[in-house]
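Be aware that the sequence shown starts at 208, since it is given in the working numbering, and climbs by one per residue. What follows is a set of notes on a single structure, which appears directly below.
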Amino acid sequence: MTALSLSLVRGAVTSPFKRAGRPGATLPARRAVVPPGRIPPGPLAAYSRICGFAESGPVPLTYPHVLGFPPAMRLMTGRDFPLPVLGLVHTWIEITGHRALHPTDELELTVYAHSLTPHRRGTEVTMVTEARLGGELVWESRSGYLSRHATGAAAPSDPSLETPPELPTVAEWRLPAGLGRRYGAASGDRNPIHLHPVTARLFGFPRPIAHGMWTVARCLAEAGTGSGVGEPGRIRTVRADFRAPVLLPSTVTYAAAGAAFQVRGGGRVHLTGSVSREG
């Protein structure tokens with residue numbers, strides 16, 4: 208069993224003993240550090256294929272998040288983490304690549320919990336992942352994860368609830384039923400909601416859902432991140448907001464205009480985002 212699988216098991220065991228929204232809850236001050244090491248070429252190639260990136264050239268902008276996910280899970284499933292990991296919903300992510308990364312770079316990763324924030328539907332934790340090369344910060348991400356619970360207060364206005372303007376269609380993607388299993392094998396993220404109809408139904412989904420991070424990565428591959436497709440210029444930053452799950456199998460539309468992009472399907476907007484480029 209992998210370290211990530213052990214974290215998922217630990218999360219299943221500890222979650223029933225944690226109460227989201229507990230007054231005075233604090234985050235652990237400790238940080239998880241992964242010492243410098245080269246990226247294994249096999250998993251990187253598999254990830255690039257499933258997400259639509261070129262298998263040679265710079266490391267995809269989203270890939271260090273994959274490398275940082277196991278230590279993030281170790282933190283979030285620890286006894287001192289205040290939120291139950293079961294049921295956490297990935298709500299948004301911001302990534303900044305300060306320079307292009309290459310497969311031979313020996314990255315040191317640092318992961319920590321940054322803040323707890325009240326949300327209209329519960330409590331949101333911000334997790335930070337940083338990658339350094341020779342002590343220099345070369346990549347960083349911030350992710351929001353929502354623990355849903357009754358708040359006992361009036362819901363504040365939320366701009367993310369507004370229907371975004373429809374962007375021009377760029378491509379149509381046919382997503383197979385096994386996409387979650389294939390991405391899980393490439394990334395190591397084998398959350399049961401992505402793998403099989405039976406395990407997805409245990410968490411309230413009629414069918415498996417696509418990984419949010421696969422959807423972001425596929426958007427960046429379509430937009431072009433040094434892979435030879437899409438617009439020129441390395442994508443330096445991306446912000447993505449997850450608005451609705453993508454059920455598998457399904458057909459969705461990738462749409463984009465200028466810096467903005469979105470994924471739509473079945474009359475719903477699944478994801479919205481924006482990028483900035485160098486130059």
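Positions of the beta carbon are idealized from the N, C-alpha and C atoms, including for glycine.
Practice task
For chain B, find out if any of its Cβ atoms is closer than 8 Å to the Cβ of residue 335; answer yes or no.
Solution key: Absence of chain B from the displayed structure is noted, only one protein chain being present.
Going by DSSP, which residues form a beta bridge with residue 273?
The count along the sequence shown starts at 1 and reaches residue 273 at position 66. Looking at the DSSP assignment, residue 273 forms no beta bridge with any residue, so it has no partner.
inquiry  = Using 8 Å for Cβ pairs, my map puts residue 334 next to residue 252. What's the rounded Cβ distance?
reply    = Counting from one through the sequence shown, the residue named residue 334 turns up at place 127. Counting from one through the sequence shown, the residue named residue 252 turns up at place 45. No, residue 334 and residue 252 are not in contact; Cβ-Cβ is about 27 Å, not under 8 Å.
- Message: Here's the rule I'm using: 16 or more other beta-carbon atoms within 10 Å means buried, otherwise exposed. How should residue 312 be labelled?
- Response: Locating residue 312 in the sequence shown gives position 105, counting from the first residue. Buried: at least 16 other Cβ atoms inside 10 Å.
One question on the structure: do residue 470 and residue 406 come within less than 8 Å of each other, judged by their Cβ atoms? Stepping through the sequence shown from its first residue, residue 470 is reached at position 263. Stepping through the sequence shown from its first residue, residue 406 is reached at position 199. No.
Cutoff 7 Å; reference residue 393; Cβ partners in own chain excluding five residues on either side:
Stepping through the sequence shown from its first residue, residue 393 is reached at position 186. Excluding residues within five positions, the ones whose Cβ falls inside 7 Å are 250, 253, 254, 257.
Quiz prompt | Ranges of the beta strand (DSSP E) found wholly within the region 377 to 450, counting only runs of at least 3 | solution = 442 to 449
Item to complete: Give the straight-line distance between the Cα atoms of residue 477 and residue 453, rounded to the nearest whole angstrom.
Response: Mapped onto the sequence shown, residue 477 falls at position 270. Mapped onto the sequence shown, residue 453 falls at position 246. C-alpha separation (whole angstroms): 7 Å.
Apply the 10 Å Cβ neighbour rule to residue 322 and answer buried if 16 or more other Cβ atoms are within range, or exposed otherwise. Here residue 322 refers to the residue found at position 115 when the sequence shown is read from its first residue. Label assigned to residue 322: exposed.
With a threshold of 16 other CB atoms inside 10 Å of the CB of residue 350, please say whether the residue is buried or exposed.
In the sequence shown, residue 350 corresponds to position 143, counting from 1. With 16 or more Cβ atoms within 10 Å of its Cβ, residue 350 is classed as buried.
By the three-class DSSP mapping on this structure, what secondary structure does residue 463 have?
On the sequence shown, position 256 is the one that residue 463 refers to. Residue state, collapsed to three classes: strand.
* Considering only the beta carbon of each residue, do residue 427 and residue 269 sit closer than 8 Å? -> Indexing the sequence shown from 1 puts residue 427 at position 220. Indexing the sequence shown from 1 puts residue 269 at position 62. A contact, by the Cβ cut-off of 8 Å.
Margin query: Please classify residue 378 as buried or exposed, where buried requires at least 16 neighbouring CB atoms within 10 angstroms.
Written below: By one-based count along the sequence shown, residue 378 stands at place 171. Exposed is the call here.
Taking the alpha-carbon positions, what's the residue 292 to residue 408 distance? Here residue 292 corresponds to residue number 85 of the sequence shown, with the count starting at 1. Here residue 408 corresponds to residue number 201 of the sequence shown, with the count starting at 1. One C-alpha to the other measures close to 18 Å.
**Study point:** Counterpart residues of residue 293 in DSSP-defined beta bridges
**Key:** Counted from its first residue, the sequence shown places residue 293 at position 86. The secondary-structure analysis by DSSP pairs residue 293 with nothing; it has no beta-bridge partner.
- prompt: Pairing CB atoms from the region 336 to 354 with CB atoms from the region 292 to 308, are three or more of them under 8 Å?
  reply: yes
**Request:** Starting from residue 325, follow its DSSP beta bridges and name the residues at the other end.
**Result:** The count along the sequence shown starts at 1 and reaches residue 325 at position 118. Answer is 330, bridged to residue 325.
* Residue interval of the alpha helix (DSSP H) (run including residue 267) -> In the sequence shown, counting from the first residue as 1, residue 267 sits at position 60. Note, residue 267: premise wrong, no alpha helix (DSSP H); not H, not E.
Coil, strand or helix - residue 253 by DSSP
In the sequence shown, residue 253 corresponds to position 46, counting from 1. It is helical.
To which residues of the same chain is residue 433 closer than 6 Å at the C-beta, ignoring the five residues directly before and after it?
Numbered from its first residue, the sequence shown carries residue 433 at position 226. Legend: pLDDT at residue 433 = 34, less than 50; position of this residue unreliable, no value from coordinates given.
Within the same chain, show all residues whose beta-carbon is closer than 8 Å to that of residue 416, passing over the 5 residues directly before and after it, in chain order. Residue mapping note: residue 416 aligns to position 209 of the sequence shown, counting from 1. Around residue 416: 387, 400, 401, 407, 452, 453, 454, 455.
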